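Asker:
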Amino acid sequence: MDLSKHASSFGAAADLYDRIRPRYPLEALRWALGDAPREIVDLGAGTGILTRQLRELGHRVIAVEPDDEMRRQIDGDARAGRATAIPVEAESQDAVTAGQAYHWFAGEPAHTEIARVLKPGGWFIPVWNVRDESVPWVAELSEAFDGHRARSAVDERELTPDEFGPLFGTAELELFHWSTTHTPASLVDLIRSRSYYLVSDADTRAALEERVRTLAERTAGGGPFELPYVTYTYRAKKL
Ligand SMILES: C[S@@+](CC[C@H](N)C(=O)[O-])C[C@H]1O[C@@H](n2cnc3c(N)ncnc32)[C@H](O)[C@@H]1O
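Numbering of the sequence shown is given in the numbering used here, commencing with residue 7 and proceeding in unit increments.
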């Protein structure tokens with residue numbers, strides 16, 4: 007699988023992405039960052055979903071995003087850059103967050119670059135909303151969404167305590183359970199914002215949409231239903 011093709015696939019659906027992708031539970035952000043205002047780089051900021059939430063909590067946030075179409079959706083300080091070239095000064099940030107993004111740049115040289123921009127004792131905070139696949143219909147949905155989970159080498163549910171390398175302390179993990187309300191139509195929109203769908207041909211896309219619609223209708227009889235998530239929130243301190 008060509009990972010870079012997946013990593014740069016989102017721009018084509020930037021509007022839809024911003025409207026349909028889940029937000030992050032505020033308890034997760036508070037657990038990772040505390041309540042005091044912080045200087046934060048939000049890395050792989052996309053359309054700014056996490057950036058906005060962090061700003062609403064009172065933090066000062068620089069959004070860093072490589073894709074022009076995605077970055078255009080972000081208000082305020084939004085800079086072109088990537089995990090291997092973060093356009094901020096050394097030791098200037100209390101935290102670097104990465105919402106639904108670390109799997110696109112895991113490992114070196116990103117770890118060294120993230121550590122460069124953090125103050126001593128600053129935090130790296132990768133976070134993912136993961137559909138709760140302990141619910142059988144959600145497991146079936148994930149197969150359609152991710153093509154048998156082939157999308158990346160990193161499993162966000164199983165990062166090791168030393169995942170971020172020798173410049174960081176032990177990674178801590180906290181899980182937050184919550185859900186979003188969907189209809190069959192909005193669930194089809196959700197798959198239309200995903201990289202596996204975006205890199206597929208027209209026939210595959212049509213088949214994926216039909217599979218998701220059928221699954222949603224079978225599960226909920228056409229009405230609104232809850233899609234359960236577990237938010238995997240990691241934090242590791244720069245040593
Ligand atoms: C699934 S989106 C997440 C966007 C946003 N953080 C959110 O929570 O909705 C992943 C983002 O990572 C960006 N990305 C891909 N490769 C990257 C890299 N090497 N460095 C930084 N960002 C990258 C993509 O352009 C995309 O906008």
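We put the beta carbon where it would ideally sit given N, CA and C, even for glycine. Owing to the predicted nature of the structure, the values given are computational and were not obtained by experimental measurement.
Grab me the residues of Ala-101's own chain with a C-beta within less than 7 Å of its C-beta, minus the 5 sequence neighbours each way, in chain order.
Answerer: Leu-39, Arg-44, Ile-46, Gly-128, Trp-129 and Ile-131, listed in sequence order.
Asker: Which partner residues does Pro-132 have in the DSSP bridge list?
Answerer: DSSP output for Pro-132 lists Ala-104 as bridge partner(s).
Asker: How is Val-194 classed by DSSP in three states: helix, strand or coil?
Answerer: It is helical.
Asker: May I have a chain-ordered list of the beta strand (DSSP E) segments no shorter than 3 residues that lie completely inside the region 193 to 242?
Answerer: Taking only runs of at least 3 residues, no beta strand (DSSP E) segment lies wholly in the region 193 to 242.
Asker: Between Gln-106 and ligand 1, is the CB less than 6 Å from at least one heavy atom?
Answerer: Under cutoff, so the answer is yes.
Asker: Pull up the distance between the alpha-carbon of Thr-189 and that of Ala-222, whole angstroms please.
Answerer: So the two alpha carbons sit approximately 8 Å from each other.
Asker: Please tell me whether, using a cut-off of 6 Å, the distance from the CB of Phe-111 to the nearest non-hydrogen atom of ligand 1 is below it.
Answerer: Correct: Phe-111 has its Cβ closer than 6 Å to ligand 1.
Asker: Can you tell me the Cα-Cα spacing of Trp-184 and Pro-234, whole angstroms?
Answerer: Distance between the alpha carbons of Trp-184 and Pro-234: 6 Å.
Asker: Which residues in the same chain have their Cβ closer than 8 Å to the Cβ of Ser-14, if we skip the five residues on either side of it in sequence?
Answerer: The residues are Pro-72 and Asp-73.
Asker: Which residue from Arg-36, Pro-230 and Leu-214 puts its Cα closest to that of Glu-146?
Answerer: Nearest C-alpha to Glu-146: Leu-214.
Asker: So, Leu-49 versus Ala-104, is the Cβ gap smaller than 7 Å?
Answerer: Cβ atoms of Leu-49 and Ala-104: closer than 7 Å.
Asker: Unbroken alpha helix (DSSP H) runs of length 4 or more, entirely within the region 58 to 118: which are they?
Answerer: List check, alpha helix (DSSP H) in window: 74 to 77.
Asker: Since I believe Ala-121 is in contact with Leu-173 (beta carbons under 8 Å), could you give me their beta-carbon distance rounded to a whole number of angstroms?
Answerer: So it is a contact: roughly 4 Å between Cβ atoms.
Asker: Could you check which residue in Val-141, His-109 and Trp-143 has the C-alpha nearest to that of Glu-164?
Answerer: Among Val-141, His-109 and Trp-143, the Cα nearest to that of Glu-164 belongs to His-109.
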